[in-house]
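One structure is given here, and the rest of the page talks about it.
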Amino acid sequence: MRFDLRVFLALLAGLVALGVGYYFLVLVPRQEQARLELQRQQLEREEQAKAKRATFLAQCRDEAKQQYWSYVRLNGTEDPDKPGVYSAPQHVWDQAAEKRKAYVDECIRLAEAGIYELPEGFTPVTVTAAPAAPAPSDPTAAVLDDAEVEAFVEDYLKAGAAGSAEASLKLYADTVRYYSMGIIAKDAVFEDKRAYFARWPRRSYERISEIATLASTSSTRRVRFDYTYRVSRADKTLSGKAYVVLELEKYGDRILITEENGEIYR
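The sequence shown begins at 0 in numbering that gives the first Met the number 0 and counts up one residue at a time.
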């Protein structure tokens with residue numbers, strides 16, 4: 000049989016073309032599909048971890064709040080005319096707040112380490128009767144009244160219009176249930192405020208409704224109010240109406256935000 004070089008080269012070229020075609024038409028799409036699948040799985044794991052963190056911290060905060068009020072009920076006196084309203088010496092309110100903070104801080108530490116469940120037997124807050132104070136203090140010192148709430152709301156709006164996020168930061172507790180972000184540390188609130196203030200360097204707010212009380216105890220108040228806003232930068236201006244819901248708590252002589260939520264509606 001006579002060897003035909005042209006036929007051989009043609010066959011070789013055909014094989015090469017088939018190989019190249021297989022690579023680009025079969026292998027490359029498979030590799031791309033595998034890469035996209037890995038990305039999808041990674042995003043799914045991240046979303047699951049984020050959801051677990053939010054659920055875990057919400058449960059922790061709820062449990063810490065229950066422990067707080069268990070301590071107050073154990074050491075305070077309920078007003079017979081106002082069920083659910085308690086009076087107690089100031090040191091009781093302070094110790095209850097410290098116990099709650101210790102519980103939430105430990106939960107945040109665990110969440111930052113990627114642990115979304117409490118260790119078996121975990122009891123950072125022990126509800127026991129408070130020791131007697133060296134000297135009795137004013138039993139109404141921790142009561143949060145209407146005038147204080149109104150003054151705080153005005154400070155909140157003024158801080159939002161101020162030149163830096165630091166003015167707002169002093170209004171928040173160490174941990175805050177904050178919009179869709181769930182329970183976050185005060186530093187994370189600061190970063191969110193700082194980014195917003197940088198995006199909208201000129202801001203003004205005005206309350207346009209009464210401050211409605213949604214729930215209350217002697218030292219806490221959940222309130223809602225509506226306001227107008229106007230924010231602007233060099234190339235854009237936005238204005239409209241919104242509402243905000245704040246959960247406030249009195250710590251000694253300070254009032255702090257423990258929860259913030261709300262929405263623009265026009």
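For each residue, glycine too, the CB sits at the ideal point set by N, CA and C.
Predicted model only: the values in this text are computed from it and were never measured.
Exercise. When you compare each of SER238, TYR242, ARG99, THR219 to TYR226 by their alpha carbons, which one comes out closest?
Worked result: TYR242
For this session: Following the continuous alpha helix (DSSP H) through LYS185, name the residue where it begins and the one where it ends.
Result: 185-198
For this session: Between the Cα of LYS98 and those of SER208, GLU62, ASP145, spot the shortest distance and give me the residue it belongs to.
Result: GLU62
Exercise. To which residues of the same chain is SER167 closer than 7 Å at the C-beta, ignoring the five residues directly before and after it?
Worked result: ALA158, GLY159, LYS192
Problem set entry | Alpha-carbon to alpha-carbon, ASN260 and TRP92 | 25 Å
For this session: Label MET0 either buried or exposed according to how many other C-beta atoms from any shown protein chain fall within 10 Å of its C-beta, with 16 as the threshold for buried.
Result: Bear in mind that the predicted position of MET0 carries a pLDDT of just 47, short of 50, making it unreliable; the figure below should be weighed with that in mind. So MET0 counts as exposed.
Exercise. VAL175 and THR54 look like a contact to me (Cβ under 8 Å); what is the Cβ gap, rounded to whole Å?
Worked result: Between THR54 and VAL175 the Cβ distance is about 17 Å, and since that is not below 8 Å, they are no contact.
Exercise. For the alpha helix (DSSP H) that contains VAL152, what are its first and last residues?
Worked result: 145-160
For this session: Starting from the C-beta of ASP154, find all residues in its chain whose C-beta is less than 8 Å away, skip the five residues before and the five after it, and write them out in chain order.
Result: LEU170
Exercise. Are there 16 or more other CB atoms within 10 angstroms of the CB of PRO79, so buried, or fewer, so exposed?
Worked result: exposed
Exercise. Residue range of the alpha helix (DSSP H) that SER163 falls in?
Worked result: SER163 -> no alpha helix (DSSP H), and no H or E assigned at all.
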